[in-house]
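Asker: Protein chains in written order, with this note's numbering: chain A, 722 to 924; chain B, 722 to 924.
Number of protein chains: 2
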Amino acid sequence: MTRLSFRQKVHLAREDAIVSTVKRLLAEKGYDLMTVDEVAAEVGIAKASLYKHFPSKEALAAAAMVQMMELALQHAQAQQDRLDASAIDRLKAITRWTLQTQLAGEMPTLPAENSALRNALIAHKGYMDGLMKLSDQLGEWIVQAQADGALNRALPPEAVLYTVFARACDPVLGFLKAGGSHSDEQIVDWVMSTCFDGLAARA
Amino acid sequence: MTRLSFRQKVHLAREDAIVSTVKRLLAEKGYDLMTVDEVAAEVGIAKASLYKHFPSKEALAAAAMVQMMELALQHAQAQQDRLDASAIDRLKAITRWTLQTQLAGEMPTLPAENSALRNALIAHKGYMDGLMKLSDQLGEWIVQAQADGALNRALPPEAVLYTVFARACDPVLGFLKAGGSHSDEQIVDWVMSTCFDGLAARA
DNA sequence: GTCTATAAGAGGATAGAC
DNA sequence: GTCTATCCTCTTATAGAC
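Here it is as structure tokens:
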């Protein structure tokens, strides 16, 4: 029992190490440019061993995306637990977390329109469940924030939802960081501003 | 003379057909998923013939991106020629054109952070010249619009510039279109609104 | 310049010993 | 479950006839 449990722990720990590596590489290079050889090398095991844990490259990436989704759900829950916060506060907080995570190089790139990964994810129950849960949570905040008069009521909630999701792969962060003359915090503030307040001057 | 000119015309026409096909495929699938075999098949010539026109896949894609850049510059010039328009009008017009082009499936995907194509483009004089020319033109409008009080003065012009550029690969358009229940025009209007006015309600 | 045929190599996946 | 060695497919690029 203890022996078995220990083995399982080691097994899970190794899988966790694999997934962490995949998550990082996915954030760095994206799905297509990430090779399985590379993942194996970084984890420090043989490629064939990797395939004992995960049946394919797609499954490998899906596991990483699921972990990312779970992390996002944790942050969403943490916001939901802040009983003093308004809906718009929560929405802004999760958006800011998304930007910070991406800027830190820890956000696996979302699958582009026509990606092998995208189709694999759509067929992946764990990922889709997480995505829907997150969408529901954010959707509630969006509707509430519109009712509060804190979000533009002329926009359909789904447009707001997609706009917030899209911050996870906003290239503006990388462009500004490449310039090198701004702090991460400053960059995040600017993108938060353009996202919620827009480019135009406020009255 | 006439003979030579005619041959040259045929030559250029064929190259133009190639570049057009590449542009479309680049918009559809992106650089990595687009294969040279596919390009050759769609153009209707043998792959080896393609390589007589362009020395590599990267050169092929670069030519397409250069053509896209020239198209953008034409639109920018057209806006500059509208003497009645204000800077913010011009900026909005070129942004709208970008959104419409992407929604129509005619905007080659911009190279992601770590792409083989990106490095090729950075080394490509024609592309970089066009990019700088376009950046200069948009930069002028941005500074002017800020002076006019039409753009948020708290944002550095480069942040505004990158935000406008990023509309060329905004996934929100595709998400909303995938829903299927909105017209292209409506989608563009919403994204224009989130871009310039933000998500938050206006006072 | 166009074709057919093929080289050259990367990368996903597997066989089989231990 | 881990390893080494290998397979196989796909894709870029080229050779050489016409």
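C-beta: ideal position from N, C-alpha, C; glycine also.
Could you pull the start and end residues of the alpha helix (DSSP H) that A/N835 belongs to?
Answerer: No alpha helix (DSSP H) contains A/N835, which DSSP labels as neither H nor E.
Asker: Under 6 Å Cβ to Cβ from A/E763, same chain only, skipping five residues before and after it: list those, please.
Answerer: Excluding sequence neighbours, A/E763 sits near T742.
Asker: Three Cβ pairs or more, each shorter than 8 Å: is that satisfied between the stretch 891 to 906 of chain A and the stretch 781 to 798 of chain A?
Answerer: Touching, no, given that fewer than three Cβ pairs across the two stretches are closer than 8 Å.
Asker: What is the rounded straight-line gap between the Cα of B/K846 and the Cα of A/L771?
Answerer: Distance between the alpha carbons of B/K846 and A/L771: 43 Å.
Asker: Anything in chain A within Cβ reach of B/W911, meaning under 7 Å, just list it in chain order.
Answerer: Residues of chain A passing the Cβ test: L876 and A880.
Asker: Going by DSSP, which residues form a beta bridge with B/L855?
Answerer: DSSP, once it has assigned bridges, lists no residue as partnering B/L855.
Asker: Taking 8 Å as the threshold (C-beta atoms), are B/T816 and B/M913 in contact?
Answerer: Result yes, Cβ atoms of B/M913 and B/T816 sit closer than 8 Å.
Asker: Checking the sheet assignment: what are the DSSP bridge partners for B/L872?
Answerer: Partner(s): A/A921.
Asker: For A/F727, go through chain B and note every residue whose CB falls closer than 8 Å to its CB, in chain order.
Answerer: Ordered by position in chain B, no residue passes the 8 Å Cβ test against A/F727, which lies about 39 Å from the chain.
Asker: Quick check on the DSSP output: what are the complete alpha helix (DSSP H) runs of length 4 or more inside the stretch 727 to 798 of chain B, in order along the chain?
Answerer: Runs found: 757 to 764 and 768 to 774.
Asker: Beta-carbon of A/T742 versus every beta-carbon of chain B: anything under 8 Å?
Answerer: With 8 Å as the cut-off, A/T742 does not count as an interface residue toward chain B.
Asker: Applying a beta-carbon distance threshold of less than 7 Å, which residues of chain B neighbour A/A921?
Answerer: Result: A871, L872, N873, F917 and D918.
Asker: 8 Å is my cut-off, CB to CB: does B/N835 come that close to chain A?
Answerer: Closer than 8 Å to some Cβ of chain A, the Cβ of B/N835 qualifies, so yes.
Asker: Could you check what DSSP says for B/A889 in three-state terms: helix, strand or coil?
Answerer: Of the three classes helix, strand and coil, the one that applies to B/A889 here is helix, per DSSP.
Asker: State buried or exposed for B/V881, treating a residue as buried only when at least 16 other CB atoms are found within 10 Å of its CB.
Answerer: That one is buried.
Asker: Quick one: what's got a C-beta closer than 7 Å to A/I863's C-beta in the same chain, skipping five residues either side?
Answerer: So the list reads L812, L872, P878, V881 and L882, once near-sequence residues are dropped.
Asker: Using Cβ-Cβ distances below 7 Å, what residues of the stretch 744 to 774 of chain A are close to chain B?
Answerer: Under the 7 Å Cβ criterion, the stretch 744 to 774 of chain A contributes E749, K750, G751, D753 and L754.
Asker: Leaving aside the five residues before and after B/V740 along the sequence, list all residues of the same chain whose C-beta is less than 6 Å from its C-beta, in chain order.
Answerer: Once the five neighbours on either side are set aside, the close Cβ partners of B/V740 are A784, A785 and Q788.
Asker: Under the rule that 16 or more other beta-carbon atoms within 10 Å means buried, what is B/G870, buried or exposed?
Answerer: The residue in question, B/G870, is exposed, as its Cβ has fewer than 16 Cβ neighbours within 10 Å.
Asker: Taking 8 Å as the threshold (C-beta atoms), are B/A924 and A/A924 in contact?
Answerer: Yes.
Asker: Return yes when the Cβ of A/E749 is within less than 8 Å of the Cβ of B/N835, no when it is not.
Answerer: Going by C-beta atoms, B/N835 is nearer than 8 Å to A/E749.
Asker: Could you tell me the alpha carbon to alpha carbon distance between B/A814 and A/K730, rounded to whole angstroms?
Answerer: Distance between the alpha carbons of B/A814 and A/K730 is about 58 Å.
Asker: Rounded to the nearest angstrom, how far is the Cβ of A/L820 from that of A/K898, given a contact under 8 Å?
Answerer: Going by Cβ atoms, the distance from A/L820 to A/K898 rounds to 11 Å, so no, they are not a contact pair.
Asker: Please name the residue in A/G901, A/L855, A/A875 and A/Q907 whose C-alpha comes closest to that of A/V885.
Answerer: When each option's Cα is compared against that of A/V885, the closest is A/L855.
Asker: Classify A/D805 as helix, strand or coil using the three-state DSSP reduction.
Answerer: If DSSP states are grouped into helix, strand and coil, A/D805 belongs with coil.
Asker: Buried or exposed for A/K773, please, with buried defined as at least 16 other CB atoms from any protein chain shown within 10 angstroms of its CB.
Answerer: By the neighbour-count rule (16 or more Cβ atoms within 10 Å), A/K773 is not buried but exposed.
Asker: On the premise that B/F917 lies in contact with A/G919, defined as a C-beta separation below 8 Å, what is that separation, rounded to the nearest angstrom?
Answerer: That belief holds up - the Cβ atoms of A/G919 and B/F917 are roughly 5 Å apart, short of 8 Å.
Asker: Using the beta-carbon count (16 or more within 10 Å), is A/A887 buried or exposed?
Answerer: Label assigned to A/A887: buried.
Asker: What is the rounded straight-line gap between the Cα of A/V909 and the Cα of B/L876?
Answerer: Taking the straight line from one Cα to the other gives about 12 Å.
Asker: Taking the alpha-carbon of B/A983 as reference, which of B/Q858, B/A799, B/L747 and B/Q801 has the nearest alpha-carbon?
Answerer: This structure cannot speak to residue 983 of chain B, because chain B is shown only from 722 to 924.
Asker: State the DSSP-derived secondary structure class of A/A844, mapped to helix, strand or coil.
Answerer: Coil, per DSSP.
Asker: Return the chain-ordered list of same chain residues with a C-beta closer than 8 Å to the C-beta of B/L852, the five sequence neighbours on each side being excluded.
Answerer: The answer, listed in chain order, is M790.
Asker: With 8 Å as the threshold, decide whether the Cβ of B/A782 is near any Cβ in chain A.
Answerer: So no, B/A782 is outside the interface.
Asker: Would you identify the three-state DSSP class for B/A899, choosing helix, strand or coil?
Answerer: Correct three-state label for B/A899: helix.
Asker: Give me the Cα-Cα distance between A/L725 and A/D758, rounded to the nearest whole angstrom.
Answerer: If you take the alpha carbons of A/L725 and A/D758, they lie about 30 Å apart.
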